[in-house]
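Read through the structure below, which is laid out as structure tokens, and then see the notes.
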Amino acid sequence: MNQPFSSVWTREPRPARSATLSRAQIVRAAIELLDAEGLDALSMRRLGAKLGSGATSIYWHVANKDELLELAVDEVYGRITLPGEDTAWREAVSAFAHSMRAVLLEHPWAAVLLGSRPSLGPNAVALVDGLMKVGRRAGFAGMAVDHAWSTLLAFVLGATTPEIAWRAALGSTRVSDTELMKATHSVAEDAVRDHPDLAAHYAQYKDMDVEAGRAAAFDFGLTCVLDGLQARLDRGDAPPSG
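Adding 147 to a residue's 1-based position in the sequence shown gives its number in the working numbering.
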């Protein structure tokens, strides 16, 4: 039976043909290139040049760029931490969410790829299994576990993606985060001059530490999500049907 999609995880990895190049080395080099220059910069030719190896050697280990990206994304999943089973569920989930945010900010290209195809790599599977165990330990059952963590992941991605976009814009300006924020604030002040309530609200941000403000906003949103999940547990709500 034909697979509905191709994946590097649907076939056994090939053994290295020499001691000088392995699949792990290829993935590490790809991640370094992705971190430095983004998705558009990754090609087998550029990766081969970085490794000092021909494309043929890379294709021995990965069939195409899509397979390489699958491997790279699973490596990123492996860098997200989830505390052990002796940790209270809210503390464990909070640590996971903060870790995921930090990892995505370090590897912003990965945020675009998450959810683009099934995550079947060993790191992704282990992380999902750990989250399922945390959910059941908290008291969620059946599909409610999936709905709970889908909500959590939607929040983390939704809160982090604009921050990634802002950092990308910042990188193209060659100015500091604080300088760009002040310039943006000046424009915003002019835009809301006919709306005094909004202008007064925006004034609170003028001298705010940018990183501290983002962290506080993330903490606030995460607490709201966890409070909502806790409220469902306290009410004993049945999981959504359908």
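Every residue, glycine too, gets a C-beta built ideally from N, C-alpha and C. What you are looking at is a predicted structure, and each value in this text was computed from that prediction instead of being measured.
Tell me which residues share the same chain as E214 and place their Cβ nearer than 6 Å to its Cβ, disregarding the 5 neighbours each side in the sequence. Position 67 of the sequence shown, counting from 1, holds the residue named residue 214. Scanning its chain for C-beta atoms nearer than 6 Å, with the 5 sequence neighbours on each side dropped, one finds around E214 the residues V155, in chain order.
If you reduce the DSSP assignment to three classes, tell me which class L369 lands in. Along the sequence shown, read from residue 1 onward, the residue named residue 369 stands at position 222. Looking at L369 - three-state DSSP - the assignment turns out to be helix.
Are the region 215–231 and the region 269–281 in contact at 8 Å, needing three or more beta carbon pairs? yes
Would you call D348 buried or exposed, if buried means 16 or more other Cβ atoms sit within 10 Å of its Cβ? If you number the sequence shown from 1, residue 348 lands on position 201. Checking the displayed sequence, the identity of residue 348 turns out to be His instead of Asp. Taking a 10 Å sphere around the C-beta of H348, we find fewer than 16 other C-beta atoms and assign the residue as exposed.
Residues of its chain near V372, where Cβ-Cβ distance is below 8 Å and the 5 sequence neighbours each way are ignored: Reading the sequence shown from its first residue, position 225 is the one you call residue 372. If we look at V372 and ignore the five residues flanking it on each side, its Cβ neighbours are T298, L299 and F302.
Mapping DSSP to helix, strand and coil, what is L261? Working through the sequence shown from its first residue, we reach residue 261 at position 114. Coil at L261, not helix or strand.
Just the Cα atoms here: how many angstroms apart are P343 and A295? The residue you call residue 343 lines up with position 196 of the sequence shown. The residue you call residue 295 lines up with position 148 of the sequence shown. C-alpha separation (whole angstroms): 40 Å.
What's the call for V223, buried or exposed, on a 16-neighbour Cβ count within 10 Å? Your numbering for residue 223 matches position 76 in the sequence shown. V223 sits buried, since 16 or more C-beta atoms from the chains shown fall within 10 Å of its C-beta.
Would you tell me roughly how many angstroms separate the C-alpha atoms of L218 and A244, rounded to the nearest one? Within the sequence shown, residue 218 is the residue found at index 71, counting from 1. Within the sequence shown, residue 244 is the residue found at index 97, counting from 1. About 22 Å.
Whole angstroms are fine: how far does the CA of E336 sit from the CA of R351? What you label residue 351 is simply residue 204 of the sequence shown in a count that begins at 1. What you label residue 336 is simply residue 189 of the sequence shown in a count that begins at 1. Per the sequence shown, residue 351 should be read as Gln rather than Arg. C-alpha separation (whole angstroms): 12 Å.
Measuring CB atoms only, is the region 244–253 touching the region 304–315, in the sense that at least three cross pairs come out at less than 8 Å? yes
Start-to-end residues for the alpha helix (DSSP H) that takes in Q172: For the purposes of this step, residue 172 is taken as residue 25 along the sequence shown, with counting starting at 1. R170 to E184 is the extent of the alpha helix (DSSP H) around Q172.
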